[in-house]
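S.K.: My questions will all concern the structure given below.
Residue numbers (the working numbering): 5 to 255.
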């Protein structure tokens, strides 16, 4: 990380921050798919809890016309606003239910929802319907989704991809300043957590595994792969992941 002099930091902190308005049409490449955003979307459908909560964090709840694919209860701070947003499905919504909301944009965290074999639909289906589609960079950079639903990570997860996704979403909706503030807050929290992890001073030879779920106690469980988010967490703790598979959630 770059280190600046105290004087420079003080000068920088006192200077007014200027965030350029998004220039439309905005052209992006999202998981290999060319996307053109003609203007700040007035309506969006989010397929995935993470993208939905990021939209809420960016103050865009009023733009969200429908959500789907919920893994956990919504974050407590968004419980009230979430009640005002229609939940199309707890799991995968139908293509028709998404299109019926007439969104200008559909976003997701997963290619297995919107992608070549998307459970909801393909990118081309949404293009044909006149709806732009966008996928979190965490889903495709350093990740191969062609062989299985959850995919395989060829590189260790990096939170920089999460921050890139937040920045892109903020740019799409012309709220870049909110995006920068959110990223700065998350970076600060990440750095604090990593410091606390290092302070644990765990033994050098400690190893671990993330047990995700088991459909039945008698069958092999789903565990976290080598390079996913849990693998990244173990690396920050200095813990060796006993699972060596690059699959996101191998058994």
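Every residue, glycine too, gets a C-beta built ideally from N, C-alpha and C.
So, at 8 Å on beta carbons, what are the nonlocal neighbours of residue 217 in its own chain, with the 5 sequence-adjacent residues on each side left out?
M.R.: Closer than 8 Å at Cβ, skipping near neighbours: 225 and 226.
S.K.: Let's see if you can read the secondary structure: which residues bound the alpha helix (DSSP H) around residue 183?
M.R.: Here the alpha helix (DSSP H) through residue 183 covers 180–203.
S.K.: Return the CA-CA distance between residue 48 and residue 251, expressed in angstroms with no decimal places.
M.R.: About 31 Å.
S.K.: Using CA coordinates, which residue listed in 56, 194, 231 and 254 is at the minimum distance from residue 244?
M.R.: Ranking the options by Cα distance to residue 244, first place goes to 231.
S.K.: Put residue 251 into one of helix, strand or coil per three-state DSSP.
M.R.: Strand.
S.K.: Less than 8 Å between the beta carbons of residue 161 and residue 235, yes or no?
M.R.: Yes, these two residues count as a Cβ contact at 8 Å.
S.K.: Just tell me which of 199, 242 and 180 has its CA closest to the CA of residue 208.
M.R.: Nearest of 199, 242 and 180 to residue 208, Cα basis: 242.
S.K.: Look at the alpha carbon of residue 90 and the alpha carbon of residue 50, and state the distance between them as a whole number of angstroms.
M.R.: Approximately 11 Å, taken between the alpha carbons.
S.K.: Could you please give the first and the last residue of the uninterrupted alpha helix (DSSP H) stretch that includes residue 58?
M.R.: 53–61 is the extent of the alpha helix (DSSP H) around residue 58.
S.K.: Going by beta carbon distance, what residues of the same chain come within less than 6 Å of residue 248, once the five residues before and after it are set aside?
M.R.: Taken in chain order, the residues that qualify are 230.
S.K.: When burial is assigned at 16 or more other CB atoms within 10 Å of the CB, is residue 61 buried or exposed?
M.R.: It counts as buried.
S.K.: Can you list, in chain order, the residues of its chain whose CB lies under 7 Å from that of residue 146, leaving out five sequence neighbours each side?
M.R.: Cβ neighbours of residue 146 beyond the five flanking positions: 157, 158 and 159.
S.K.: Quick check on residue 96: does DSSP put it in helix, strand or coil?
M.R.: Reduced to three states, the DSSP call for residue 96 is coil.
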